[in-house]
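I have placed the structure first, in the form of structure tokens, so that the comments after it can refer back to it.
Number of protein chains: 2
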Amino acid sequence: MRGAVIHAPGDVRFEDRADPTIQAPTDAVIRMAVTCVCGSDLWDYRGINAVTSPTPMGHEYAGIVEEVGADVTTIKPGQFVIGSFFASDNTCEICQAGFQTSCVHREPVGAGGAGGAEYLRVPLADGTLVATPEAPSDNLLPSLLAASDVLGTGWFGAVAAGVQPGSTVAVVGDGAVGLLGILAARELGAERIIAMSRHEARQKPATEFGATDIVTERGDDGVAAVKELTGGLGAHSVIEAVGTQESMMQAIRSARPGGAVGYVGVAHDVTLPGEELFYSHVRLLGGPAPVRRFLPDLIDRVWRGTIDPGKVFDLELPLDQVAEGYRAMDERRAIKTLLRP
Amino acid sequence: MRGAVIHAPGDVRFEDRADPTIQAPTDAVIRMAVTCVCGSDLWDYRGINAVTSPTPMGHEYAGIVEEVGADVTTIKPGQFVIGSFFASDNTCEICQAGFQTSCVHREPVGAGGAGGAEYLRVPLADGTLVATPEAPSDNLLPSLLAASDVLGTGWFGAVAAGVQPGSTVAVVGDGAVGLLGILAARELGAERIIAMSRHEARQKPATEFGATDIVTERGDDGVAAVKELTGGLGAHSVIEAVGTQESMMQAIRSARPGGAVGYVGVAHDVTLPGEELFYSHVRLLGGPAPVRRFLPDLIDRVWRGTIDPGKVFDLELPLDQVAEGYRAMDERRAIKTLLRP
Chain A
1 MRGAVIHAPG DVRFEDRADP TIQAPTDAVI RMAVTCVCGS DLWDYRGINA
51 VTSPTPMGHE YAGIVEEVGA DVTTIKPGQF VIGSFFASDN TCEICQAGFQ
101 TSCVHREPVG AGGAGGAEYL RVPLADGTLV ATPEAPSDNL LPSLLAASDV
151 LGTGWFGAVA AGVQPGSTVA VVGDGAVGLL GILAARELGA ERIIAMSRHE
201 ARQKPATEFG ATDIVTERGD DGVAAVKELT GGLGAHSVIE AVGTQESMMQ
251 AIRSARPGGA VGYVGVAHDV TLPGEELFYS HVRLLGGPAP VRRFLPDLID
301 RVWRGTIDPG KVFDLELPLD QVAEGYRAMD ERRAIKTLLR P
Chain B
1 MRGAVIHAPG DVRFEDRADP TIQAPTDAVI RMAVTCVCGS DLWDYRGINA
51 VTSPTPMGHE YAGIVEEVGA DVTTIKPGQF VIGSFFASDN TCEICQAGFQ
101 TSCVHREPVG AGGAGGAEYL RVPLADGTLV ATPEAPSDNL LPSLLAASDV
151 LGTGWFGAVA AGVQPGSTVA VVGDGAVGLL GILAARELGA ERIIAMSRHE
201 ARQKPATEFG ATDIVTERGD DGVAAVKELT GGLGAHSVIE AVGTQESMMQ
251 AIRSARPGGA VGYVGVAHDV TLPGEELFYS HVRLLGGPAP VRRFLPDLID
301 RVWRGTIDPG KVFDLELPLD QVAEGYRAMD ERRAIKTLLR P
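Taken in sequence, the protein lines are chains A and B.
Using the UniProt record's numbering, the letters of the first sequence map in sequence onto residues 1 to 341.
Using the UniProt record's numbering, the letters of the second sequence map in sequence onto residues 1 to 341.
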């Protein structure tokens with residue numbers, strides 16, 4: 001088969017890779033229906049994470065089950081399935097508490113046959129994959145794919161930030177996760193959603209997904225703007241969807257005492273000042289989103305047409321043009337690129 | 001009147017101070033029945049916080065209302081009352097959300113007439129003070145005083161750490177707050193309570209307050225011991241009651257993914273590594289305990305005899321011997337000193 005491989009910063013190639021096979025009796029192999037480029041992959045593409053050897057890329061996936069191992073009981077060949085970037089058994093204590101991305105048996109999906117390819121091996125298939133009620137129509141594919149990562153991640157951000165009916169929510173970051181954090185906050189009943197976005201092209205989708213206010217300032221000025229919109233108090237809930245020192249501090253300082261930050265931007269070189277945090281009274285919860293916790297609900301919402309997170313894909317390319325998909329996101333010409341094998 | 005004043009590290013004196021008076025129509029003045037030395041005052045006593053001028057000390061108090069301002073409506077002269085170290089209006093949005101120590105009108109109690117004295121001015125009396133059903137018997141005084149700070153702080157640590165019936169809880173720190181965190185965890189239904197304590201003299205009260213296991217190791221060894229006691233996963237909830245870099249990291253690393261740390265040790269020179277925190281999946285909430293949120297419930301539990309947090313006082317002195325009270329705590333001869341005017 002063929003798939004995406006990064007060789008060096010800025011150098012993603014579509015090339016021959018070994019076909020994935022069943023390696024453990026709990027594995028499944030799926031034929032990719034759609035895949036995409038993740039914003040977190042840009043850390044490699046931009047050379048911020050070191051690329052030391054050619055590495056398969058991509059970890060968002062939805063497709064048809066081709067084959068399952070002997071111990072797989074609930075997932076069947078022919079089903080259309082969606083999974084998350086970490087495989088999980090979904091039965092251990094940590095999974096049962098809803099933190100499947102820290103499952104005691106977790107494995108990264110895509111190791112040795114990553115998502116940006118024609119086929120994918122998924123470990124722990126029963127615990128990882130969720131099947132749709134039947135084969136989806138083509139127009140649902142982008143939204144179902146979004147559930148695999150960016151929607152589930154934005155959703156976790158909103159849940160971790162404690163969004164409730166009536167909440168005032170601020171969202172730091174206007175990439176795909178931030179935009180779908182807005183959608184999640186709206187679905188969870190937020191009354192006011194402040195999108196912190198300085199990119200005009202992102203403000204329109206932010207508003208479509210549910211933002212009621214746009215704050216274009218960043219850092220301390222952004223915090224001051226959120227405070228002004230919230231009677232001086234700050235937001236009840238803040239979704240952090242960037243992962244830098246500036247964005248984390250902007251998030252913490254935008255939350256009111258007793259409020260919470262759900263941080264889902266992959267943290268890079270972030271250190272939090274303990275004394276400021278202590279006196280802030282802001283609750284923190286974040287990390288790799290346990291998308292599996294939310295998948296059945298998210299698939300159901302997509303299936304019923306309640307939400308349309310697939311709108312976050314504003315560029316669609318054949319999978320063999322994956323390199324252009326990366327370039328477009330790197331250059332901010334696209335929010336998120338959908339790829340079709 | 002006379003009261004405690006710190007002049008320099010190690011130099012606490014009992015000396016004449018101006019009598020507190022009603023300064024705002026929302027004030028009350030109370031005559032102290034009991035007061036005490038707070039572990040957090042040792043930061044000044046040990047010279048870790050700078051002492052730049054003679055400063056009244058003490059912020060834990062319980063006593064009889066002497067006089068109230070014209071706008072005080074619920075608190076009456078003659079009532080026995082307990083309050084917390086921050087005055088709060090108890091009506092603003094932040095108070096209503098249970099974070100009275102971040103009240104938009106908060107004031108430190110004791111500014112200009114601190115708690116280690118014969119009389120005390122309490123601002124925002126209606127929002128700050130809670131009266132007992134009637135005059136308490138003498139044997140209840142230590143426990144009612146404990147509710148003013150150390151019990152309420154340990155309780156907040158347990159609540160912030162999400163302690164629930166059946167939880168496994170670890171407690172970092174064996175001072176008065178840590179010990180009463182153990183009591184709080186037990187009252188909230190924890191099944192297993194691991195006290196992290198290396199001081200033999202503290203292990204006995206820890207067990208009396210509800211600890212089921214003692215871990216004497218600190219740092220990484222302490223974390224390993226907690227993991228071993230919890231099937232490799234870590235505790236559901238960890239109460240941090242020290243405030244140092246080592247104790248915070250010990251707390252975070254002792255919690256399982258999806259678990260939580262309630263940190264109530266006043267943070268000193270703590271910086272948290274963002275990436276480790278991100279991948280830990282540990283929820284953080286802490287800060288100055290909103291004791292006022294819990295006071296009615298805590299007073300009720302003391303009144304009914306359900307809990308006896310006053311046992312945390314293992315030294316009792318007349319107030320004029322306050323200097324010896326500090327020395328005994330500094331030298332770890334006492335966990336906590338009760339002072340009677």
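Where is the CB? At the ideal position from N, CA and C, for every residue including glycine.
These figures come from a predicted structure and were not determined experimentally.
Contact under 8 Å by Cβ, residue i with residue j
| i | j | result |
| --- | --- | --- |
| residue 342(A) | I75(A) | Past the edges of chain A, shown from 1 to 341, lies residue 342(A), and the structure says nothing about it. |
| K336(B) | P205(B) | no |
| T295(B) | A160(B) | What sits at residue 295(B) in the sequence shown is Leu, not Thr. In this structure, A160(B) does not lie closer than 8 Å to L295(B) by Cβ. |
| G58(B) | G116(B) | yes |
| G325(A) | A158(A) | no |
| I30(A) | V122(A) | yes |
| A28(B) | E67(B) | yes |
| P142(A) | F14(A) | no |
| V32(A) | D19(A) | In the sequence under discussion, the amino acid at residue 32(A) is Met, which differs from the Val named in the question. For M32(A) and D19(A), no; Cβs fall outside 8 Å. |
| R218(B) | Q245(B) | no |
| F209(B) | L179(B) | yes |
| G154(A) | G181(A) | yes |
| V169(A) | S237(A) | yes |
| G259(B) | V242(B) | no |
| residue 342(B) | T26(B) | Examination of residue 342(B) is not possible in this model, given that chain B is present from 1 through 341 alone. |
| V37(A) | M329(A) | yes |
| R292(B) | Q100(B) | yes |
| V223(B) | M248(B) | no |
| V34(B) | L339(B) | yes |
| M233(B) | I299(A) | The question names Met, but residue 233(B) is Leu in the sequence shown. The answer is no: Cβ separation not under 8 Å. |
Cβ neighbour criterion (16 or more within 10 Å) applied to residue i
| i | result |
| --- | --- |
| T73(B) | exposed |
| P309(A) | buried |
| S84(B) | buried |
| E187(A) | buried |
| T306(A) | exposed |
| G112(B) | Unreliable positioning characterises G112(B) in this predicted model, as indicated by a pLDDT of 44, which lies under 50. The coordinate reading is nonetheless provided below. Exposed, since its Cβ has fewer than 16 Cβ neighbours within 10 Å. |
| D44(A) | buried |
| V226(B) | buried |
| M214(A) | Checking the displayed sequence, the identity of residue 214(A) turns out to be Ile instead of Met. Classification of I214(A): buried, given that the 10 Å Cβ count is 16 or more. |
| residue 351(B) | Examination of residue 351(B) is not possible in this model, given that chain B is present from 1 through 341 alone. |
| R332(A) | exposed |
| G78(B) | exposed |
| T21(A) | exposed |
| A70(B) | exposed |
| R304(A) | exposed |
| Q23(B) | exposed |
| D221(A) | exposed |
Bridge partners - residue i, DSSP secondary structure assignment
| i | result |
| --- | --- |
| M32(A) | G63(A) |
| V171(A) | A195(A), I239(A) |
| F315(B) | Looking at the sequence itself, residue 315(B) is Leu, so the reference to Phe does not match. T337(B). |
| T55(A) | I6(A) |
| L179(B) | Answer by DSSP bridge pairing: none, since L179(B) is not bridged. |
| residue 353(B) | Residue 353(B) is absent from the structure shown; chain B starts at 1 and stops at 341. |
| D11(B) | A8(B) |
| D213(A) | I194(A) |
| R121(A) | V29(A) |
| V68(A) | A28(A) |
| A255(A) | A235(A) |
| F80(B) | I64(B) |
### Query
Which residues, taken in chain order from the UniProt domain "Alcohol dehydrogenase-like N-terminal" (25 to 125) of chain A, show a beta carbon closer than 7 Å to some beta carbon of chain B?
The UniProt domain "Alcohol dehydrogenase-like N-terminal" (25 to 125) of chain A vs chain B, Cβ under 7 Å: E93, I94, A97, G98, F99, S102.
#### Entry: Contacting positions in the segment 195 to 213 of chain B - beta carbon closer than 7 Å to chain A
Contact residues of the segment 195 to 213 of chain B toward chain A are absent (C-beta to C-beta distance below 7 Å).
### Given 8 Å, three or more beta-carbon pairs between the segment 167 to 178 of chain B and the segment 192 to 209 of chain B
With contact defined as three or more Cβ pairs closer than 8 Å, the segment 167 to 178 of chain B and the segment 192 to 209 of chain B are in contact.
### Task
With 9 Å as the limit, tell me which residues of the segment 283 to 305 of chain A have their beta carbon closer than that to any beta carbon of chain B; keep them in chain order.
Flagged, chain order: R283, L284, L285, G286, G287, P288, P290.
### Query
On the three-pair Cβ rule with 8 Å, is the segment 49 to 58 of chain B touching the segment 241 to 261 of chain B?
The answer is no - the segment 241 to 261 of chain B does not touch the segment 49 to 58 of chain B, with fewer than three Cβ pairs under 8 Å.
### Query
So, do the segment 130 to 138 of chain A and the segment 258 to 278 of chain A have three or more beta carbon pairs nearer to each other than 8 Å?
Taking 8 Å as the limit for Cβ pairs, the verdict is that the segment 258 to 278 of chain A does not touch the segment 130 to 138 of chain A.
### Message
Give me the subset of the segment 267 to 281 of chain A whose CB atoms are less than 8 Å from a CB atom of chain B, sorted by chain position.
### Response
Residues of the segment 267 to 281 of chain A that bring their beta carbon within less than 8 Å of a beta carbon in chain B comprise A267, H268, D269, V270, T271, L272, P273, G274, E275, L277, F278, Y279, S280, H281, in sequence order.
### Query
In the segment 306 to 334 of chain A, which residues sit with their C-beta less than 7 Å from some C-beta in chain B, listed in chain order?
Under the 7 Å Cβ criterion, the segment 306 to 334 of chain A contributes no residue.
#### Entry: Where the segment 243 to 258 of chain A meets chain B: residues whose CB sits under 9 Å from a CB there
Cβ contacts with chain B come from G243, Q245, M248, R256, P257, G258.
### Task
For the segment 216 to 234 of chain A, enumerate the residues whose C-beta is nearer than 7 Å to any C-beta of chain B, in chain order.
Hits within the stretch, in order: L233.
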